[in-house]
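For the protein sequence lines, the chains are R and Z, in the order given. This note's numbering puts the first residue of the first sequence at 1, with every later residue one more than the last. This note's numbering puts the first residue of the second sequence at 260, with every later residue one more than the last. Presented below is the structure to which this report refers.
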Amino acid sequence: MSTPAILVDNVTVHYGEVLALDAASLTLDPARICGLVGMNGSGKSTLFKVIMGMIRPDGGSVRIHGQSPSRTRREGGIGYVPQSEEVDWQFPLSVHDVVMMGRYGHQGFTRRATKADRAAVDEALDRVELGPYAGRQIGQLSGGQKKRAFVARGIAQGATTMLLDEPFAGVDKRSEATITRLLRELASDGCTILVSTHDLHALPELCDEAVLLMHRVLMHGPPDRVLQPENLARAFGLDVLNRNFPAQDHRAKPKERTA
Amino acid sequence: MELLLEPLTYDFMVRAIATTALAAVVCAVLSCWLVLIGWSLMGDAVSHAVLPGVVLAYIVGAPFALGALVFALVAVTLIGVVRNTSRVKEDAAIGIVFSSLFALGLVLISVTPSQTDLNHIIFGNLLGVSVPDLIQVLVLGVVAFAILILKRRDLTLYAFDPTHAHAIGLSPRRLGALLLGLLALTSVVALQTVGVVLVVAMLIIPGATAYLLTDRFSRMLVIAPAISALCSVAGIYISYYLDTASGAMVVLTQGVVFGAVYLFSPRQGLIGTRLAKARRKKAAAPAV
Chain R
1 MSTPAILVDN
11 VTVHYGEVLA
21 LDAASLTLDP
31 ARICGLVGMN
41 GSGKSTLFKV
51 IMGMIRPDGG
61 SVRIHGQSPS
71 RTRREGGIGY
81 VPQSEEVDWQ
91 FPLSVHDVVM
101 MGRYGHQGFT
111 RRATKADRAA
121 VDEALDRVEL
131 GPYAGRQIGQ
141 LSGGQKKRAF
151 VARGIAQGAT
161 TMLLDEPFAG
171 VDKRSEATIT
181 RLLRELASDG
191 CTILVSTHDL
201 HALPELCDEA
211 VLLMHRVLMH
221 GPPDRVLQPE
231 NLARAFGLDV
241 LNRNFPAQDH
251 RAKPKERTA
Chain Z
260 MELLLEPLTY
270 DFMVRAIATT
280 ALAAVVCAVL
290 SCWLVLIGWS
300 LMGDAVSHAV
310 LPGVVLAYIV
320 GAPFALGALV
330 FALVAVTLIG
340 VVRNTSRVKE
350 DAAIGIVFSS
360 LFALGLVLIS
370 VTPSQTDLNH
380 IIFGNLLGVS
390 VPDLIQVLVL
400 GVVAFAILIL
410 KRRDLTLYAF
420 DPTHAHAIGL
430 SPRRLGALLL
440 GLLALTSVVA
450 LQTVGVVLVV
460 AMLIIPGATA
470 YLLTDRFSRM
480 LVIAPAISAL
490 CSVAGIYISY
500 YLDTASGAMV
510 VLTQGVVFGA
520 VYLFSPRQGL
530 IGTRLAKARR
540 KKAAAPAV
């Protein structure tokens, strides 16, 4: 067995009295895309923060490619694509500026860009098909383009593990397909990708595996199995069965076998 | 020309202009980050809270900057403690801490002999800048400016996306602390010129003005100090000829320029955007 790309072992996190993660364990092999599904407050963002080392868990440990998260961070191994609401889209930066921020970890004291840095940024922008938009202020992109700009930042950084928080929120169908294709490409190049999403539609297309989270990992398996209504009901509460939940009618038929 | 040269025949005017321009540039550069992070109130707080530190430094004969840094730290810590350990919200915590510390400074001034010097700290004393004052402002200003410029990319990253800063192994906490430290240092620089009460103007207005003029942070870092330096020098000249308070005139000039930019900036200005809207409406009308 190869070393897992992400190993979350028995992690517990409290915020004051509130329990966010309860002995959560998760193992993810390299070059896989994993969808993280759970309600608001189920601990998805907490799990991200623990993997990035922003929160020290009360118990348990995290390893990324067998080493500590802080070491991986210093090597530029972790890329992060924030939720739209977390970003100040009025900030006076161009798409190029934002992608260049992926290179900072590789640069010297003043973060002066070298030729190699600029080449990496251009390449990343081409890869996500934003080359022509490099000079735009970031707020002047469409929802899908914004997401791709941040994915480009992770590519320029050389991240081997990428964490995406709600990448499909506020994104139209076509951009969703573009992002899905892009992430699949990155995974086939060896990048391990963890995606937290409410959008159960997109999961079977995008993910190799899915995780149901409700403070602990309730289930981890192929998306089709995890997205069975009876399983979703465990994570989201029973009323989900009564609603016509999108995941059911959309579970793409051909995907069922490939997953 | 005569009008511009005449004041320069007085040494105190030359010193006033040099000090103000320098303080204006350093404050303006810092203000670019403060307005984007949303730290204007923090700027207000720290610039007021350093007062007791400056007075105590004066009493024991230590450098003003040291006292200011210590009290900036005290203020930020107290704000954090009040916010995190009680139900009081951040803006209230900031208000309580900085006004209390400012009051402490005033009390200390009232019991300290040789009050004249210290009263100048409150309202500034541009025309009374001595040569040692000028040297102190120069040293502190150059240090703060150099750190801001050398670390500008990290500070911008911190302002824009602290999570990413963390993800690539930088420490957002340390960057935030660096920015607060520089805020304290810069406050001391500006104390000499416009005084504690008006420092906050120099720490907010230039950055806000530049923000309305460009979509590039790198350009903000040029526009803000340029506007701020021009306004300061203009303000001093105006105060010279109109015989008004010089520090206040500098701030007033900056405020007026902000007002003009707010109205007339091509892309962000109130009038520009209204006109563009009207034009779009007109263009759309025949089609309907």
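Backbone N, C-alpha and C define an ideal beta-carbon position, used for all residues, glycine too.
Query: Reference Arg-111 of chain R; option with closest CA among Z:Tyr-500, Z:Ala-424, Z:Leu-489; Result: Z:Ala-424
Query: Three-state secondary structure (DSSP) of Gln-280 of chain R; Result: It is not possible to answer for residue 280 of chain R, since the shown part of chain R is limited to 1 through 259.
Query: Under the three-state DSSP convention, the category Ala-169 of chain R falls into; Result: coil
Query: Proximal residues, the stretch 408-429 of chain Z versus chain R, C-beta separation under 9 Å; Result: Ile-408, Leu-409, Lys-410, Arg-411, Arg-412, Asp-413, Thr-415, Leu-416, Ala-418, Phe-419, Asp-420, Thr-422, His-423, Ala-424, His-425, Ala-426, Ile-427, Gly-428, Leu-429
Query: Inside the stretch 509-546 of chain Z only - alpha helix (DSSP H) runs reaching at least 4 residues; Result: 529-543
Query: Residues bridged to Thr-192 of chain R [DSSP beta-bridge criterion]; Result: R:Thr-161
Query: Distance between Val-273 of chain Z and Pro-167 of chain R (C-alpha atoms, nearest Å); Result: 57 Å
Query: Element boundaries [alpha helix (DSSP H), containing Thr-468 of chain Z]; Result: 455-470
Query: Short Cβ contact (7 Å threshold) for Leu-213 of chain R with Arg-234 of chain R; Result: no
Query: Per-residue DSSP class, three states only, for Tyr-269 of chain Z; Result: coil
Query: Assigned secondary structure, Gly-428 of chain Z (DSSP; H/G/I helix, E/B strand, else coil); Result: coil
Query: Cutoff 7 Å: Met-52 of chain R Cβ touching any chain Z Cβ; Result: yes
Query: Straight-line Cα distance separating Thr-445 of chain Z from Val-455 of chain Z; Result: 11 Å
Query: Three CB pairs or more closer than 8 Å across the stretch 81-90 of chain R and the stretch 397-406 of chain Z; Result: no
Query: Within-7 Å CB hit, Asp-474 of chain Z to chain R; Result: yes
Query: Where Val-335 of chain Z sits in the DSSP three-state scheme; Result: helix
Query: Asn-231 of chain R, enclosing alpha helix (DSSP H) - first and last residue; Result: 229-236
Query: Asn-378 of chain Z, DSSP secondary structure in three states; Result: helix
Query: CB contact check: Phe-91 of chain R to chain Z, cutoff 7 Å; Result: yes
Query: Which of helix, strand or coil DSSP assigns to Arg-216 of chain R; Result: strand
Query: Three-state class that DSSP yields for Ile-353 of chain Z in the structure shown; Result: helix
Query: With 16 other Cβ atoms within 10 Å as the buried cut-off, status of Met-260 of chain Z; Result: exposed
Query: Nearest-angstrom Cα separation, counted from Thr-178 of chain R out to Arg-148 of chain R; Result: 9 Å
Query: Coarse secondary structure for Ser-175 of chain R, derived from DSSP in three states; Result: helix
Query: Member of R:Ala-20, R:Val-151, R:Lys-115 whose CA lies at the smallest distance from the CA of Val-50 of chain R; Result: R:Ala-20
Query: Neighbour-count burial assignment, Gln-292 of chain Z, 16 or more Cβ in a 10 Å radius; Result: According to the sequence displayed, residue 292 of chain Z carries Trp and not Gln. With 16 or more other Cβ atoms within 10 Å, it is buried.
Query: Sub-7 Å separation of Lys-482 of chain Z and Ser-290 of chain Z beta-carbons; Result: Note that residue 482 of chain Z corresponds to Ile in the displayed sequence, not to Lys. No, the pair does not count as a contact, with Cβ atoms beyond the cut-off.
Query: Opening and closing residue of the alpha helix (DSSP H) in which Pro-400 of chain Z lies; Result: Per the sequence shown, residue 400 of chain Z should be read as Gly rather than Pro. 390-409 is the span of the alpha helix (DSSP H), which, as asked, contains Gly-400 of chain Z.
Query: C-beta neighbour in chain Z for Arg-56 of chain R, strict 7 Å; Result: no
Query: Short CB-CB distance (under 7 Å) between Met-101 of chain R and chain Z; Result: yes
Query: Bounding residues of the alpha helix (DSSP H) (the contiguous stretch that carries Tyr-499 of chain Z); Result: 476-501
Query: For Cys-291 of chain Z, three-class secondary structure by DSSP; Result: helix
Query: Assigned exposure category for Asn-384 of chain Z - 16 Cβ within 10 Å defines buried; Result: buried
Query: Interface flag, Ile-33 of chain R vs chain Z, CB-CB below 7 Å; Result: no
Query: Contact with chain R by Val-547 of chain Z, beta-carbon distance below 7 Å; Result: Because Val-547 of chain Z sits at a pLDDT of 44, beneath the cut-off of 50, its placement in the model cannot be relied upon, and the following sentence gives the value as read from the coordinates. Answer no: the Cβ-Cβ gap between Val-547 of chain Z and chain R never drops below 7 Å.
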